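Visitor:
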Amino acid sequence: MKKLFLCISAVVFQTAFGQFSGNINYQNQVRYADTTINIAPPSPNDIVISIKGLANIKANQYVAIFSLTQVGETAEEVNELMDKRLTSSLAQIKLNKGVETYVDMISFVPVYQFNVEKKIFSKKTYNEVPTGFELKKNLHIKFSDPAQLNQLITILSGHEIYDLVRVDYFADNLEIIKKDLMNKAKVTLQEKIKTYEALLGESFATANKSINDGYKTILPVESYKSYEAYNSSTLALNKFANVNQANKSTTLYYQPVLDKEFDFVINPTIVEPVIQVMYEVKLVINKEKKMDSKDHKSYLLITSNGEMKELNMNSTP
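Numbered by mature numbering (1 follows the signal peptide of the UniProt record, and there is no 0), the letters in the sequence shown go through residues -18 to -1, 1 to 299 in order.
This is how it looks when you write it as structure tokens:
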């Protein structure tokens, strides 16, 4: 009986002091990828050779989008207040060299609220009545130095503009990098073909071949993931206990495409969000033996009219 009590106590003790972590490095649901290479059995007739390349491209142009909302009792008031905020902001932003701006009109709608109508012998009636207007605009700002974004945020926050919607990344050398990916994949593919020929002891020069390729581009805005950063313990409480949980901080982190699945990588080391371009080329080699011309047998048939016709004895009916 004493042994059973000790066993139950140990279980309760472990339950009461179990730790649960929400940080990305401590989450219980984190699973490491399988490191086993799964290779399909070879086909007796076809050989498929695949080459994958990845390029990490640093952006040289950025576009930040800020959202503005203004409300007022009249249309004139709304436009006047919005123009005042924008004019002051744009005047300071244009002092930065190489910065371009564009104001995008989003919406201009009336704002309603309920007005209560009281009646003596019936229930209250709630009527929607217009009380003002709401104006929404987006401010697009193009810049080339990432450090300028901090200056832009400081300027805009001084005019009650706080909503940074997104930041888009652009690279002028994107097409050049794509050509570099293709050329490097071509060289890698030729080297792999030679390796296969050496392993099999035969040449693929006369074999039937087919090829296909394609690109895929991943932008930084698509590569952010979220997680909750906290570490709290559980207590052995009964179901009637009052527990007030604190709000946990949710944050984001940049998760680029990992380079472990690629045959080669251009600019492998990155310390900032980058534009990632992937390229893959697949070559299919058909190893079916072709009929040699010397094995082709044909016969000539002379008809009663003296005409000559060729009979192919290797053709199937």
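Backbone N, C-alpha and C define an ideal beta-carbon position, used for all residues, glycine too.
All of these numbers come straight from a predicted model, not from anything done at the bench.
Looking at Phe115 and Phe90, is the spacing between their C-beta atoms short of 9 Å?
Guide: Taking 9 Å as the cut-off, the beta carbon of Phe90 is found closer than this to the beta carbon of Phe115.
Visitor: Excluding sequence positions up to five away, which residues of its chain have a Cβ less than 7 Å from the Cβ of Met273?
Guide: Bear in mind that a pLDDT of 48 at Met273, under 50, signals an unreliable position, so the number given afterwards is only what the model happens to contain. Around Met273: no qualifying Cβ.
Visitor: Please classify Asn27: is it buried, with 16 or more other beta-carbons within 10 angstroms of its beta-carbon, or exposed?
Guide: exposed
Visitor: Which residues mark the beginning and the end of the beta strand (DSSP E) in which Gln227 is found?
Guide: Careful: Gln227 lies outside any beta strand (DSSP E) and carries neither H nor E.
Visitor: Short check: CB of Arg148 to CB of Ala46, under 9 Å?
Guide: Yes.
Visitor: Identify which residue in Ala211, Glu82 and Val239 has its Cα closest to the Cα of Thr251.
Guide: Val239
Visitor: Comparing the CB of Lys230 with every heavy atom of the ligand ADP, is any distance shorter than 8 Å?
Guide: The ligand content of the structure shown is nil, which means the ligand ADP is not present either.
Visitor: With a Cβ-Cβ cutoff of 9 Å, do Phe48 and Leu117 count as a contact?
Guide: With respect to the 9 Å criterion, Phe48 and Leu117 are not classified as neighbours on the basis of their beta carbons.
Visitor: Pull up the distance between the alpha-carbon of Glu55 and that of Asp65, whole angstroms please.
Guide: Rounded to whole angstroms, Glu55 to Asp65 spans 16 Å at the Cα level.
Visitor: When burial is assigned at 16 or more other CB atoms within 10 Å of the CB, is Phe222 buried or exposed?
Guide: Its Cβ having fewer than 16 others within 10 Å, Phe222 is exposed.
Visitor: List the residues that DSSP assigns as beta-bridge partners of Leu121.
Guide: In DSSP, Leu121 forms a bridge with Phe48 and Val85.
Visitor: Which residue or residues does DSSP assign as beta-bridge partners of residue 304?
Guide: Beyond the ends of the chain as shown, which are -18 and 299, falls residue 304; an answer cannot be given.
Visitor: What number of angstroms, rounded off, separates the C-alpha of Ser126 from the C-alpha of Val225?
Guide: 50 Å
Visitor: Measure the beta-carbon distance from Asp245 to Ile33 and round it to whole angstroms, keeping in mind my assumption that it falls under 8 Å.
Guide: By a beta-carbon distance limit of 8 Å, Asp245 contacts Ile33. Their separation comes to about 5 Å.
Visitor: Could you check the C-alpha separation between Lys167 and Tyr261 for me, to the nearest Å?
Guide: Lys is not the amino acid found at residue 167; the sequence shown has Ala there. For Ala167 and Tyr261, the distance between alpha carbons rounds to 8 Å.
Visitor: Please list, in chain order, all residues of the same chain as Ile143 whose beta carbon is under 6 Å from its beta carbon, the five residues on each side excluded.
Guide: Phe48 and Leu50
Visitor: Once the 5 residues before and after Lys174 are set aside, which same chain residues still bring their CB inside 8 Å of it?
Guide: Setting aside the 5 residues that flank it on each side, Lys174 is surrounded in the same chain by Ile31 and Ile33, each with a C-beta closer than 8 Å to its C-beta; the list follows chain order.
Visitor: Tell me Pro128's beta-bridge partners as DSSP assigns them.
Guide: For Pro128, which the question treats as bridged, DSSP gives no partner whatsoever.
Visitor: Out of Pro92, Ser25 and Asp195, point me to the one whose CA is closest to Ala57's CA.
Guide: Pro92
Visitor: Distance check for Asn38 and Asp241, CA to CA, integer angstroms please.
Guide: 10 Å
Visitor: According to DSSP, simplified to helix, strand and coil, what is Gly4?
Guide: Legend: pLDDT at Gly4 = 45, less than 50; position of this residue unreliable, no value from coordinates given.
Visitor: Comparing alpha-carbon positions, which option in Glu210, Tyr235 and Val253 lies nearest Ala228?
Guide: Among Glu210, Tyr235 and Val253, the Cα nearest to that of Ala228 belongs to Glu210.
Visitor: Going by DSSP in three states, Tyr261 sits in which element: helix, strand or coil?
Guide: strand
Visitor: Going by alpha carbons, who is nearest to Glu157 out of Gln172, Lys198 and Pro24?
Guide: Lys198
Visitor: Do you know how far the Cα of Tyr84 is from the Cα of Gln52?
Guide: Distance between the alpha carbons of Gln52 and Tyr84: 18 Å.
Visitor: So what's Val203 in DSSP terms, helix, strand or just coil?
Guide: When secondary structure is reduced to three states using DSSP, Val203 falls in the helix class.
Visitor: Measure the alpha-carbon distance for Tyr206 versus Asn78 and round it to whole angstroms.
Guide: 29 Å
Visitor: To the nearest angstrom, how far is it from the Cα of Ile29 to the Cα of Asn190?
Guide: Rounded to the nearest whole angstrom, the CA to CA distance from Ile29 to Asn190 is 11 Å.
Visitor: Taking the alpha-carbon of Gly183 as reference, which of Ser71, Lys269 and Met87 has the nearest alpha-carbon?
Guide: Lys269
Visitor: Pick helix, strand or coil for Leu182, following the three-state DSSP scheme.
Guide: helix
Visitor: Sort Val203, Ser139, Asn120 and Ala129 by Cα distance to Tyr151 and report the nearest one.
Guide: Val203
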